[in-house]
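In the working numbering, the protein residues as written are 36 to 552.
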Amino acid sequence: MDAPTATPNLDRHAVVDRFGVAVPVADPDGEREQQLLDDLIELQAREALIEARRARTIEQLRALTERRIVATAAARSAASGDNSADARGGATWTPRFTARRELATELATLLRESERTAETRIAHAELLGAHLSETADALERAVITPRHAQLIIDRACDLPAETRAEFERLALSAAERMGVGPFARRLRRLRELMHPEPIEQRAETASAERWVAVEPAADAMAYLTAYLPAIDAVAIHNRVNAIARNLAGDGETRTAAQRRTDVFTALLVAGEVPGGACETAGRGSDETAHRAGAAPAHTPLGHGIRPRVSITVPALTLLARAGADVAADARAAHLEGYGPIDDETAARWAARAPSFRRILTDPHTGAVLSVGRERYTVPADLAAALRVRDDTCRFPGCVRAANSCELDHTVDWAHGGATSADNLAHLCRSHHQLKHRTSWGVRHLGAGRLEWTSPRRRVHVSEPPGFGDPPRVRSTAAAAAEARPVRSRERRDDGSPPPRPRRRFGPRAPLPDEPPF
Numbered sequence: 036m037d038a039p040t041a042t043p044n045l046d047r048h049a050v051v052d053r054f055g056v057a058v059p060v061a062d063p064d065g066e067r068e069q070q071l072l073d074d075l076i077e078l079q080a081r082e083a084l085i086e087a088r089r090a091r092t093i094e095q096l097r098a099l100t101e102r103r104i105v106a107t108a109a110a111r112s113a114a115s116g117d118n119s120a121d122a123r124g125g126a127t128w129t130p131r132f133t134a135r136r137e138l139a140t141e142l143a144t145l146l147r148e149s150e151r152t153a154e155t156r157i158a159h160a161e162l163l164g165a166h167l168s169e170t171a172d173a174l175e176r177a178v179i180t181p182r183h184a185q186l187i188i189d190r191a192c193d194l195p196a197e198t199r200a201e202f203e204r205l206a207l208s209a210a211e212r213m214g215v216g217p218f219a220r221r222l223r224r225l226r227e228l229m230h231p232e233p234i235e236q237r238a239e240t241a242s243a244e245r246w247v248a249v250e251p252a253a254d255a256m257a258y259l260t261a262y263l264p265a266i267d268a269v270a271i272h273n274r275v276n277a278i279a280r281n282l283a284g285d286g287e288t289r290t291a292a293q294r295r296t297d298v299f300t301a302l303l304v305a306g307e308v309p310g311g312a313c314e315t316a317g318r319g320s321d322e323t324a325h326r327a328g329a330a331p332a333h334t335p336l337g338h339g340i341r342p343r344v345s346i347t348v349p350a351l352t353l354l355a356r357a358g359a360d361v362a363a364d365a366r367a368a369h370l371e372g373y374g375p376i377d378d379e380t381a382a383r384w385a386a387r388a389p390s391f392r393r394i395l396t397d398p399h400t401g402a403v404l405s406v407g408r409e410r411y412t413v414p415a416d417l418a419a420a421l422r423v424r425d426d427t428c429r430f431p432g433c434v435r436a437a438n439s440c441e442l443d444h445t446v447d448w449a450h451g452g453a454t455s456a457d458n459l460a461h462l463c464r465s466h467h468q469l470k471h472r473t474s475w476g477v478r479h480l481g482a483g484r485l486e487w488t489s490p491r492r493r494v495h496v497s498e499p500p501g502f503g504d505p506p507r508v509r510s511t512a513a514a515a516a517e518a519r520p521v522r523s524r525e526r527r528d529d530g531s532p533p534p535r536p537r538r539r540f541g542p543r544a545p546l547p548d549e550p551p552f
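Written out as structure tokens, the structure reads:
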């Protein structure tokens, strides 16, 4: 085992150039700003180098510890003539398990952190060394940040070994050009598309582990957290948002965040939201009565608003599930505000949908080709298509949902810009104002990609979430038939919810009831 090497020196110019060469400026203050920005880039690169060396050192410690304990166990067995498991620990305390527990407690006490954190460090270091060597190399070269590497490990840990290499290649390609927020969404999407186990089976297994928990906070506050199917979570969130928007008006002093929280609490505690009413007219006899001059129907807030979710489902996939002799689309169904979902859930909700909107897309790239008219006000069909394309605010690093953002003409209408897909993008209110009030610039590169240029002339590219997606991995019929049994978790004796699901890195035996002594 090689001894840990010193952290290599950084090539400052090489590191800085990866983030865009700054245009020289004439004023001293501007030149100093550029130097300070370059200093920050170099400091972040040094953090990556330190994290890479930390992981390499921990992996070497793990290998040495495991080698020592295996040798000790073999010598003990040879001396006693007994090759069976240690009677004091049973089958649990294997040499590998003993080595990891010993090292985890050593690191926890040495670094003054929890044993869980130490165990995670060991597992991550082992995965980097054995299966994600390209990620480790990119981290050591400071091409990616420690947070990017952490996200890659988290998503790769439960992928089969034969899938990790391609996943790592696509992940690293995205990591070099994306901020942490969009990159996390990209990785979740990649993992769903590349996992060979049918998503229906994984969704069923994960749904069996749903829970709700309360976590105390300071100042007589608490966090109420729920782990539940994504489509239910999005529907709940959208309904709360819709009711909260209806409560805004003259005399309302609460912020939008406060209204959403109050609506959420009132719906769960009392079943409806006090303080107002909402119109329900709009279809059938209610609409006719409204046109005739009758008062619109009202209902207490909370009862008159149904949750709305937007799901993009390839038509061929729906036809295939309905029994038509067509091949299902390689692209996954997409839940707005979340990402890929299983075909079964998408088809079930599509069967209950009150209406459909057809959007013409390129069969290979999925890019929107045509949604019709050109005028300053964005038509509803074009707005819907762009919401599906963008999914979030398109400023680099922002992940605010597109349905709460504004459509912006990249080239202003007053300056000749068209109301078309290649001149429109979603921006949240903050970044919309930033574009118009500062020196940030943006232009379309095609296929929904945007090139942003900072006030100091550094270039950042923002890509739509589906850009560069690999084909979805679909298992064979035989593999799909071998569904894993749905696991369930027993509640604790005090009635509190079970612990949150934790990612596991390889086989891990539980601690025995009796200690090995």
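C-beta atoms are modelled at their ideal positions from N, C-alpha and C, and glycine is treated no differently.
Between the segment 216 to 236 and the segment 428 to 438, the count of Cβ pairs shorter than 8 Å is three or higher; the stretches touch. In this structure the segment 175 to 190 lies against the segment 80 to 94, because at least three pairs of beta carbons, one per stretch, are closer than 8 Å. When the alpha-carbon of R223 is set against those of L370, E239 and H450, the nearest one is in L370.
The continuous stretches of alpha helix (DSSP H) do not include P431, and DSSP gives it neither H nor E.
Within its own chain, the residues whose Cβ lies closer than 7 Å to the Cβ of P251, once the five positions on either side in sequence are excluded, are A257, listed in chain order.
In the structure shown, the three-state DSSP call for I179 is coil. Under the DSSP definition of a beta bridge, D378 lacks any partner. If you compare the alpha carbons of T347, R136, T412 and Y262 with that of A382, the shortest gap goes to T347. Each residue's CA atom was taken as its position, placing T129 and A113 some 16 Å apart. A residue is called buried when at least 16 other Cβ atoms come within 10 angstroms of its Cβ; G501 meets this threshold and is buried. In the three-state reduction of the DSSP assignment, T290 falls in the coil class.
Counting only the Cα atoms, A196 lies some 25 Å from D378. Taking all protein chains in view, the Cβ of T133 is crowded by 16 or more other Cβ atoms within 10 Å, so the residue is classified as buried.
Bounds of the alpha helix (DSSP H) holding E68 are P63 to S115. By the Cβ-count criterion, V494 is exposed, with fewer than 16 other Cβ atoms from all chains shown falling within 10 Å of its own Cβ. The C-beta of H471 has fewer than 16 other C-beta atoms within 10 Å across all chains shown, which makes the residue exposed. Counted as a single uninterrupted DSSP element, the beta strand (DSSP E) harbouring D443 occupies residues E441 to H444. In the three-state scheme derived from DSSP, where H, G and I count as helix and E and B as strand, L462 is classed as strand. Look at the beta carbons and you see the segment 476 to 486 touching the segment 440 to 457: at least three pairs across the two are nearer than 8 Å. Taking a C-beta distance under 8 Å as the contact criterion, A184 and T198 do not qualify as a contact pair.
Excluding residues up to 5 positions away in sequence, A177 and T180 lie with their Cβ nearer than 8 Å to the Cβ of Q79 in the same chain. When DSSP states are grouped into helix, strand and coil, R484 belongs to the strand group. Pairwise C-beta distances place the segment 450 to 468 in contact with the segment 417 to 429, as three or more of them are shorter than 8 Å. DSSP lists E486 as the beta-bridge partner residues of R478.
For V275, the enclosing alpha helix (DSSP H) has its first and last residue at A265 to L282. When rounded, the separation of the alpha-carbon atoms in A98 and R131 is 10 Å. Contact between E68 and R464 is ruled out by a C-beta separation of about 27 Å, above the 8 Å threshold. Annotation for S208: the continuous alpha helix (DSSP H) segment containing it runs A196 to A210.
If you draw a straight line from the Cα of H450 to the Cα of A283, it comes to about 35 Å.
Under DSSP, P251 takes part in a beta bridge, and its partners are A257. Between Q95 and the set D74, T127 and A158, the nearest pair of CA atoms involves A158.
Per DSSP, reduced to three states, the secondary structure at T347 is strand. Annotation for H466: C428, F430 and C433 place their beta carbon closer than 7 Å to its own, counting only its chain and skipping 5 residues before and after. Judged by beta-carbon spacing, L142 lies beyond the 8 Å limit of A160, meaning their Cβ atoms are not closer than that value.
With a 10 Å radius around the Cβ and a threshold of 16 neighbouring Cβ atoms, S497 comes out buried. Per the DSSP secondary-structure output, A368 pairs in a beta bridge with I376.
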